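**Q**
Residue numbers (the UniProt record's numbering): 1 to 242.
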């Protein structure tokens with residue numbers, strides 16, 4: 001998509017989640033899932049739930065077959081929050097293009113409508129300054145290392161995936177302290193290798209979703225698979241006459 005489509009939705013400048021996904025090279029269903037997760041999290045937080053409607057507007061569109069599908073319309077703040085974690089040169093280029101497009105649309109709204117009262121013009125200026133402040137704060141927050149609660153969440157996920165890899169907490173492989181420790185260490189090692197860090201705290205908050213994905217997608221190396229299978233099968237065969 002070569003043209004940026006900033007829309008005027010009842011006086012609010014928005015961009016569709018479909019356009020964001022296309023220009024940033026993301027699957028639209030994944031972008032929708034990310035926004036759904038944000039909304040679910042914010043709805044449970046008294047300090048954030050009133051911001052949902054200011055950031056995201058649920059909408060639908062029809063595909064080529066005529067089927068209606070879900071999409072979101074993102075305000076400038078909603079757009080900034082969603083794409084903050086997108087990294088790389090191409091992503092940065094698109095971020096600046098969108099911010100410039102939002103600015104141009106705001107100038108058009110202010111300067112292109114001479115009948116706007118001074119109060120309304122002031123509102124646009126204040127909103128722009130507020131957005132710029134939010135962008136700086138979001139960047140600061142996303143560049144921060146993980147909070148203690150985030151580290152504990154990752155540790156709990158490591159244990160969960162480790163137990164699953166060992167065949168369950170009732171299996172002989174799990175009961176073997178040495179083998180269990182090797183599995184946990186390998187999961188943690190993979191996570192730390194991916195980010196080039198030695199401690200969970202060094203992972204940035206903007207990378208928490210990637211960290212969860214790395215742990216959740218963990219695959220045992222063959223030598224550990226063999227050790228686990230051998231130990232679990234040995235116990236299964238106990239007492240069986242061959």
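Backbone N, C-alpha and C fix where the C-beta goes; we use that ideal spot for every residue, glycine too.
These numbers come from a predicted model, not from an experiment.
Check residue 145 in the structure and name its three-state DSSP category.
**A** strand
**Q** First and last residue of the alpha helix (DSSP H) that includes residue 22?
**A** 17-23
**Q** Does the Cβ-Cβ distance between residue 75 and residue 31 come in under 9 Å?
**A** no
**Q** Give a yes or no on contact between the segment 51-62 and the segment 172-182, applying the rule of three or more CB pairs nearer than 8 Å.
**A** no
**Q** Under 9 Å, do residue 182 and residue 227 count as touching if we go by C-beta distance?
**A** yes
**Q** With the cut-off set at 9 Å, would you say residue 205 and residue 147 are in Cβ contact?
**A** yes
**Q** From residue 155 to residue 195, what does the alpha carbon distance come to, in whole angstroms?
**A** 16 Å
**Q** Kindly list the residues whose CB is nearer than 7 Å to the CB of residue 224, restricted to its own chain and excluding five residues on each side of it in sequence; keep chain order.
**A** 182, 183 and 186
**Q** Cβ atoms of residue 59 and residue 16: under 9 Å apart, would you say?
**A** yes
**Q** Please name the residue, chosen from 207, 212 and 214, that lies closest to residue 86 on a Cα-to-Cα basis.
**A** 207
**Q** Name the residue from 93, 170, 49 and 99 whose alpha carbon lies nearest to the alpha carbon of residue 25.
**A** Distances from the CA of residue 25 to each of 93, 170, 49 and 99 were compared; the closest alpha carbon is that of 93.
**Q** Less than 9 Å between the C-beta atoms of residue 157 and residue 216, yes or no?
**A** yes
**Q** How would you write the range of the alpha helix (DSSP H) that residue 194 sits in, first residue to last?
**A** Unbroken alpha helix (DSSP H) run through residue 194: 177-195.
**Q** Quick one: using the 10 Å Cβ neighbour count with 16 as the cut-off for buried, is residue 98 buried or exposed?
**A** Per the 10 Å Cβ criterion, buried.
**Q** Thinking just about the alpha-carbon of each residue, which of 218, 70, 88 and 43 is nearest to the one in residue 160?
**A** 218
**Q** Between which two residues does the beta strand (DSSP E) holding residue 210 run?
**A** That residue, residue 210, is in no beta strand (DSSP E); its alpha helix (DSSP H) goes 208-216.
**Q** By Cβ distance below 7 Å, which residues in the same chain neighbour residue 190 in space, the five residues on each side in sequence not counted?
**A** 214 and 218
**Q** Taking all protein chains shown into account, decide if residue 23 is buried (16 or more other Cβ within 10 angstroms of its Cβ) or exposed.
**A** Its Cβ being crowded by 16 or more others within 10 Å, residue 23 is buried.
**Q** In chain order, what residues of the same chain have a beta carbon less than 7 Å from the beta carbon of residue 222, not counting five sequence neighbours either side?
**A** Closer than 7 Å at Cβ, skipping near neighbours: no residue.
**Q** For residue 34 versus residue 43, is the C-beta distance shorter than 9 Å?
**A** Not a contact, by the Cβ cut-off of 9 Å.
**Q** For residue 232, I'd like the list of residues in its chain whose CB is within less than 6 Å of its CB, leaving aside the five on either flank, ordered along the chain.
**A** 167, 171, 172 and 173
**Q** Which residues share a DSSP beta bridge with residue 56?
**A** The bridge partners DSSP lists for residue 56 are 74.
**Q** Is it buried or exposed for residue 260, if we count other Cβ within 10 angstroms and need 16 for buried?
**A** There is no way to answer for residue 260, as the model of the chain reaches only from 1 to 242.
**Q** Straight-line CA distance for residue 39 to residue 229?
**A** 42 Å
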